[in-house]
Structure formats: C-alpha cells, structure tokens
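Numbering (my numbering), first residue to last: 391 to 785.
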C-alpha cells in the first residue's frame with residue numbers, strides 16, 4: 391500500500407497533464423470505438439488484400455516527410471511567445487509557415503502526379519492503380535495543409551483540440567466506410583480526405599477569434615527559428631520515418647494480403663499508441679513551457695512522472711488486449727485469423743514504442759535534438775525489424 395500511495399503522490403504533481411490527457415484519452419477511446427468499427431467493416435468489405443492496399447496508400451500520403459518540423463515548432467514556440475504577450479510574433483511566425491508549407495505541398499503534389507504510375511508500381515506492385523494514387527494526392531494536399539491544429543494545442547486550448555480531433559477522426563472513418571461501399575478503395579481514400587475539412591474549419595474559427603490573421607506590427611526572425619529548431623526537429627522526425635511509414639515500407643517486401651493482416655493487427659493493438667499519444671500531445675507543450683521557465687530539472691521530473699503514468703496504463707491494457715483478441719477475431723473476422731500472433735506481439739512492441747515516443751518528445755521539447763534523433767531512430771529500427779520478422783512467420 392505504501393508503494394501505491396507513493397506512486398499516487400508522485401503522479402498528483404502532474405495534475406494538468408493527467409486531467410487534460412485523461413480527457414483526450416477518453417475522447418480518443420470513443421473515437422477509437424468508431425474508428426475500430428468502421429475499419430472492421432472496411433476490412434470485411436475490402437478483404438485482406440484490399441484493406442492492405444488502402445492502408446498502404448493512405449499511410450504513404452499522410453506520413454510523407456515534408457512537414458519540415460513546422461508543427462512541432464508551433465507547439466513549442468506558441469506557449470512561450472504567448473507567455474511573453476508577443477501575439478504579433480505569433481502572427482508573423484504562423485503566416486510565414488503557411489506560405490512556405492503551401493509552396494512545399496503544391497510542388498510535392500505535382501511531382502507525385504507526374505510519377506503516379508511509378509508510385510503505383512513501387513507501392514502496390516502494378517501500374518494499374520493510378521486512380522488510387524490520384525486520390526492519395528488529394529489526401530496528401532488536405533492533410534498537409536493543416537498547420538492549424540498545432541496552433542490550437544500551442545495555445546493550450548486542450549479541450550478544443552480534443553473535440554476537433556474527435557470530430558475529424560469520427561468523420562474520416564464514417565465517410566471512408568460509406569464511400570468505400572460505393573467506390574471501393576478509391577472512395578475510402580476520398581472519405582479520409584473529406585473528414586479532415588470540418589475540423590480545419592473549427593481551427594480557423596478559433597484562430598480568427600484570436601485575431602491571428604489580422605495585421606501584425608511585431609516581427610520575428612522566422613528563418614532563424616527554421617534553421618535552429620524546425621530543421622533539426624525535422625531531421626529528428628526523419629529518424630522515425632520507418633515508424634510512421636511502416637505499412638508502405640513493409641509493402642515493398644510483402645504482398646498486399648500480408649499487409650492487410652498487419653494493418654488489421656495494428657488497428658487492434660494501436661490502443662497502446664493512443665495512450666502515449668494522448669499523454670504526449672499534452673506533455674510536449676507543458677515540458678517546453680516548464681523548461682523555458684525553470685530549466686532542465688523541472689522538465690525532467692515531468693518526464694519521469696509521465697513515464698510512470700504510461701507504464702501503469704500499459705500494465706492494465708496489455709493483458710486485457712492479449713487475452714480477448716484471439717476469441718474476438720476467431721468469432722467475428724475469421725478471415726484475419728493469421729493476424730492473431732501479430733496482434734499479440736504488437737501489443738508488447740507498442741508499449742516499448744510508446745515509452746520511447748514520450749522520451750523523444752521530451753528531448754525535442756527541451757531542444758536536445760541529437761538525443762531525440764537517436765531515441766527516435768532506435769524506436770523505428772525496433773518497430774521495423776520486429777514487424778519484418780513477424781510477417782515472415784505469417785502463413
């Protein structure tokens with residue numbers, strides 16, 4: 391009992407992170423139920439090969455590494471600049487980032503379109519999926535135009551951020567399923583794109599209320615921030631590329647049916663990632679602000695408490711997930727029975743990956759980009775290596 395009291399007292403000091411991430415986690419859980427239900431029916435409608443094709447295309451275009459570290463930069467700098475009452479500098483920074491992001495997205499989309507046949511061949515093993523690649527390009531444009539959600543969390547309006555995420559997640563999954571019933575995989579990709587737009591509208595409404603797009607008098611050296619923080623952060627994120635693009639990378643080595651099994655397993659076991667994601671989204675700006683105000687000692691204590699919180703959640707969820715996954719799959723989706731060992735393994739793997747993601751977020755928030763890059767790279771290598779080995783055992 392003394393141990394539990396000690397842990398509880400230890401965690402009470404992070405009331406903001408626990409309260410806000412708890413609300414975020416609750417919304418994520420509800421969203422996950424909607425997401426799981428729609429993805430479950432999608433997997434039945436499309437079959438293992440079609441489901442694998444959908445996840446390969448969507449994952450590639452949603453995670454293509456051209457964000458340039460801007461999202462992370464906004465989450466870090468907005469609370470610091472707001473604490474200094476420098477709204478004009480925030481306006482300047484966001485407008486500069488929007489212009490640069492728009493140029494990057496449009497140039498990349500044109501290149502994707504010109505290489506659509508080659509992309510179809512590389513990702514899906516055939517040149518006949520040009521329509522899927524074009525739908526993926528639209529998804530890429532919509533997804534990467536979103537610099538507004540990082541602003542909402544940067545302003546520490548966590549409740550609004552949670553509500554917007556829930557809206558986007560729910561709409562995307564419902565529309566993907568609905569349009570898949572009409573136009574198959576192409577319809578599902580369009581549904582994923584359309585579901586993002588209403589959430590972006592709410593973000594814009596919040597930013598207009600903040601008068602972010604009015605004329606600013608203050609200036610900020612955007613290029614210095616890009617040089618000293620955004621680009622180093624971007625290269626840190628590149629070390630995690632194997633993790634964010636795990637499905638299309640595995641698709642280079644395995645047929646789409648096997649990728650469908652892996653995607654199905656990820657759909658079930660990624661609940662662990664939800665926990666680290668919910669904590670991490672609140673953790674990052676809180677650590678950045680704590681480090682800005684009080685230096686390394688206070689922010690390091692936050693990391694230790696948050697890791698304890700995450701591991702306690704894993705201790706509860708992992709045995710439950712491993713225990714119920716097999717009977718549920720055999721009863722409701724026997725076509726994916728080959729995914730059972732992958733599901734069980736990924737539950738354990740995601741526990742490690744989730745902890746490492748929180749460590750990466752900490753070192754990124756405090757500006758230790760070299761350490762963050764090494765942790766992120768290790769995390770990606772672990773995930774890819776173990777996943778590659780697991781799929782070799784699938785029959």
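Where is the CB? At the ideal position from N, CA and C, for every residue including glycine.
Please confirm if residue i has its CB atom under 7 Å from at least one CB of chain C.
i, result
"residue 638", "In summary, chain C is missing from the structure at hand, where a single protein chain is found."
Are there 16 or more other CB atoms within 10 angstroms of the CB of residue i, so buried, or fewer, so exposed?
i, result
"residue 491", "buried"
"residue 508", "exposed"
"residue 518", "exposed"
"residue 617", "exposed"
"residue 714", "exposed"
"residue 520", "exposed"
"residue 570", "buried"
"residue 576", "buried"
"residue 692", "buried"
"residue 646", "buried"
"residue 549", "exposed"
"residue 481", "buried"
"residue 516", "exposed"
"residue 603", "exposed"
"residue 771", "exposed"
"residue 540", "buried"
"residue 514", "buried"
"residue 727", "exposed"
"residue 722", "exposed"
"residue 782", "exposed"
"residue 710", "exposed"
Provide the residue span of the alpha helix (DSSP H) that contains residue i, from first to last.
i, result
"residue 783", "Segment: none, residue 783 is in no alpha helix (DSSP H) and carries neither H nor E."
Compute every distance between the C-beta of residue i and the non-hydrogen atoms of the ligand MG, then say whether any falls below 6 Å.
i, result
"residue 525", "The ligand content of the structure shown is nil, which means the ligand MG is not present either."
Tell me, to the nearest whole angstrom, how far the beta carbon of residue i is from that of residue j; I am working on the premise that it is less than 8 Å.
i, j, result
"residue 484", "residue 464", "7 Å"
"residue 774", "residue 639", "7 Å"
"residue 755", "residue 479", "Not really, about 19 Å apart at Cβ, beyond 8 Å."
"residue 735", "residue 567", "Not really, about 27 Å apart at Cβ, beyond 8 Å."
"residue 732", "residue 624", "So it is not a contact: roughly 31 Å between Cβ atoms."
"residue 495", "residue 528", "No, residue 495 and residue 528 are not in contact; Cβ-Cβ is about 12 Å, not under 8 Å."
"residue 748", "residue 696", "6 Å"
"residue 526", "residue 579", "6 Å"
"residue 504", "residue 447", "Their Cβ separation, rounded to whole angstroms, is 17 Å, which puts residue 504 and residue 447 out of contact at 8 Å."
"residue 589", "residue 557", "5 Å"
"residue 659", "residue 740", "6 Å"
"residue 656", "residue 426", "With a Cβ gap of about 11 Å, residue 656 and residue 426 do not count as contacting."
"residue 436", "residue 444", "6 Å"
Which runs of the alpha helix (DSSP H) fall wholly inside the stretch 682 to 757 and span at least 4 residues, in chain order?
686 to 722 and 730 to 755
If you scan the stretch 515 to 593 from start to end, which runs of the alpha helix (DSSP H) of 4 or more residues do you find wholly inside it?
520 to 534, 539 to 544 and 548 to 584
Curious, which full-length alpha helix (DSSP H) runs of at least 4 residues does the stretch 604 to 647 contain?
612 to 615, 621 to 629, 631 to 634 and 636 to 641
Tell me the start and end of each unbroken beta strand (DSSP E) in the stretch 446 to 491 that is at least 3 residues and wholly inside, in chain order.
none
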